[in-house]
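Structure first, then comments.
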Amino acid sequence: MPVQFSAPLMDAKHFPPSLIKAQPAFTLTGSSLWRYPLPVNHVSTFSRARYALAAAALHLKHSAQQNTVLLPAYHCPALVEPFIYAGYNIVFYPQLADLSTDIATFSHLLTPQVTHVVVVRYFGFSQNADELIQVAFAANKAVIEDNAHSLAHFWQTCAAQPPAISASVSSIAKTLGTADGGVLYLPGYKADTQVAAGFTTELKALRSGNRPITGSADADLRYFRAGMQIADCLRASRWLMLRSNYAAISRQRRENYHYLAQQLERSSAGQVLYPTLTEHDVPYVLPFLLHDIYGFTRLRQQQIQVLRWEELATTATGIASHYQQHLVQLPVHQALSKQQLQHIVKALG
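Going by numbering that gives the first Met the number 0, 207 is the number at position 208 of the sequence shown; the sequence numbering is gapless.
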């Protein structure tokens, strides 16, 4: 049965322009003229993480049997559409309230028909991802780690090269605020078909802060553009990826998260999903569970670009269905000022 996505609940055109953005703007501040010693062996670059994920799906695909991938029920279309494009059957596994997954339920779904599993580290937190990876690996499944929200953890995977992980993907743009950029760790993969952007595309992207998209989506896809699959990331995105101070970025994101989590501890609007950080967490956003679904509208009217995963596969039930309306993503990125953080707190007061 083909996967169908629910319609968006809101349209950004219905809100005033955001003054507090979900991601940082492109800047060279804090970067170095010298490259940092990153573990770039087996790493390829793409225009977006979704195309890195599609490359992994195509490369790891079995030619002599039907390929079925187990995906988390709480997702955005960018996680699912690459596997539709690659011709996989798709099965979803449920999440608990903290976005971890019950191991017994997960193990039960690892049937002989399932060939691949995607494990997501939501919002820069690991939940019980490491345990899921080991269980899937022990069941002889190809495991793809989704680090789209954590470029820092992606580099850790590249350095460790764990045998249980067949591939890992991440987003350059989500962490660094570049105009584009996705990365793929996949030993044995050769990205020799990637096409570099022309000068005009590079210039337009730097001016607008976002890379121009070419082509239209296929009939069964909402956002995935097959014509972008061979597009390499912009040179500016790669330059910043190799020269950014990840320690400083991680430290600032953690400080911003800690401030918001403390200030929102007694918020009447809802609750922080993860009140504390472990020493390993580098948050992409602060996930906040609204009591009132209209809280999302109030935040957007305050010109805060909060995000919400609204376009779930129509089979979504339970936690995924509830979070579709109630779980919002508050900005904590490194470019936020104290005044902007205070504005977020006030909007949820």
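Backbone N, C-alpha and C define an ideal beta-carbon position, used for all residues, glycine too.
- Here Asn40 is exposed: its Cβ has fewer than 16 other Cβ atoms, across all protein chains shown, within 10 Å.
- Counting along the chain, Asn255 sits inside the alpha helix (DSSP H) bounded by residues 245-262.
- About 6 Å separates the beta carbon of Phe287 from that of Gly269, a gap short enough to meet the 8 Å contact definition.
- The stretch 166-202 contains, as complete beta strand (DSSP E) runs of 3+ residues, the segments 166-170, 181-184 (chain order).
- In this structure, Leu52 is the residue among His13, Leu52, Gln3 with its C-alpha nearest to the C-alpha of Ile229.
- In this chain, the beta strand (DSSP E) harbouring Val142 covers 141-146.
- By the CB criterion at 8 Å, Pro15 and Gln302 fall inside the cutoff.
- When His325, Gly317, Val327 are compared, the shortest CA-CA separation from Phe91 is found for Gly317.
- Using a Cβ distance threshold of 8 Å, Arg253 and Leu276 count as a contacting pair.
- Counting C-beta atoms within 10 angstroms of its own C-beta, Thr199 has fewer than 16 neighbours from the protein chains shown and is therefore classed as exposed.
- For Gln338, the number of other beta carbons within 10 angstroms of its own is below 16, and it is reported as exposed.
- Cβ contact annotation for Lys140 (same chain, cutoff 7 Å, sequence separation greater than five): Leu109, Val113, Thr114, His115, Val116, in chain order.
- The Cβ atoms of Ser169 and Phe153 sit closer than 8 Å to each other.
- Under the DSSP assignment, Val327 falls in the beta strand (DSSP E) whose first and last residues are 326-330.
- If you check the CB distance, Asp179 and Arg47 come in under 8 Å.
- Per DSSP, Thr296 is one residue of the alpha helix (DSSP H) stretching across 294-300.
- Residue pairing by DSSP places Ile318 opposite no residue, since no beta bridge is assigned to it.
- Sequence-distant partners of Ala315 (beyond 5 residues in either direction) whose C-beta falls short of 8 Å from its own C-beta, in its chain, are Ser5, Ala72, Tyr73, Phe91, Gln323.
- Residue pairing by DSSP places Asn88 opposite Thr67 in a beta bridge.
- Taking the CA atoms as reference points, Gln328 sits about 22 Å from Thr313.
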